[in-house]
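Start counting the sequence shown at 27; every next residue gets the next number (the working numbering).
First up is the structure itself, then whatever we jot down about it.
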Amino acid sequence: MTTDSPAAALDDVRSDDVAPGPTDAMIADVFSRGCTSRQALEAVTGRWGVLTVAGLRDGAVRFNALRRRIDGVSEKMLAQTLQTLERDGMVAREVRTTIPPHVEYSLTDLGRRVADRLVGLLDVLEGSVDEVSAAQRAYDARRDA
Numbered sequence: 027m028t029t030d031s032p033a034a035a036l037d038d039v040r041s042d043d044v045a046p047g048p049t050d051a052m053i054a055d056v057f058s059r060g061c062t063s064r065q066a067l068e069a070v071t072g073r074w075g076v077l078t079v080a081g082l083r084d085g086a087v088r089f090n091a092l093r094r095r096i097d098g099v100s101e102k103m104l105a106q107t108l109q110t111l112e113r114d115g116m117v118a119r120e121v122r123t124t125i126p127p128h129v130e131y132s133l134t135d136l137g138r139r140v141a142d143r144l145v146g147l148l149d150v151l152e153g154s155v156d157e158v159s160a161a162q163r164a165y166d167a168r169r170d171a
């Protein structure tokens, strides 16, 4: 007996002959609350994450040099941001056994790929300051009226 039904055709195939498809656990979806990619996105795009990744783009930097570069970040927030980015595989922390010893932070390959994309965004924003300022003034004027 033959049937043209796809369901019937699947009944004829042994289960071990079918390659398993992706499961929900294997599919990255940044829109899903528990997805690792969303957690990494939150770390990178947080207030200090973007500046930290971009600040490390030119090479290894010591903590205080990075802190001076990122105007306004506290020591505590920079340390937390670096730890989170290190955990996510974007930042490498290297202890130099010099006298006195010091720690340098640099981007991993993943961190460099992310930084390259972020720097493009930063360039657009910096190049659009006049447009953003005009939009803010117009918005504020409408709200105050």
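Note that the Cβ used here is the ideal one computed from N, Cα and C, for glycine as well.
By the Cβ criterion, the segment 59-72 is in contact with the segment 111-126, since at least three pairs of Cβ atoms, one from each stretch, lie closer than 8 Å. Per the coordinates, the alpha-carbon of A161 lies some 15 Å from the alpha-carbon of A171. Closest by C-alpha distance to V79, out of D142, A167, A54 and E157, is D142.
Under a 10 Å Cβ-count criterion, G81 is classified as buried, with 16 or more other Cβ atoms of the shown protein chains found around its own Cβ.
R83 is not a Cβ neighbour of E130, given a cutoff of 8 Å. Of the residues S159, W74, A54 and A167, the one whose Cα lies closest to the Cα of D97 is W74.
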